[in-house]
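Chemist:
Residue numbers (the numbering used here): 27 to 89.
Shown next as structure tokens:
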């Protein structure tokens with residue numbers, strides 16, 4: 027059993043966040059440049075969708 031699930035979750039996020047810059051740094055840079063040019067409204071919508079999707083996945087695996 028994992029003693030510190032929050033630390034484990036943060037570690038997993040760090041692993042997943044590091045995959046793209048490690049595997050495809052040029053594509054990662056281009057993606058960040060495109061994100062920087064997006065309107066705040068669209069970024070907020072994308073962020074909201076990702077949070078809801080993450081919450082639904084989390085709820086699914088907990089049941």
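Yeah, the Cβ is synthetic: ideal placement off N, Cα and C, and Gly gets one too.
Quick check: what's the CA-CA separation for residue 35 versus residue 80?
Modeler: Residue 35 and residue 80: Cα-Cα distance of roughly 12 Å.
Chemist: Using only the alpha-carbon positions, how far apart do residue 51 and residue 58 sit?
Modeler: Straight-line Cα distance between these residues: approximately 11 Å.
Chemist: Alpha helix (DSSP H) containing residue 99: first to last residue?
Modeler: Residue 99 lies beyond the range of the chain shown here (27 to 89); nothing can be said about it.
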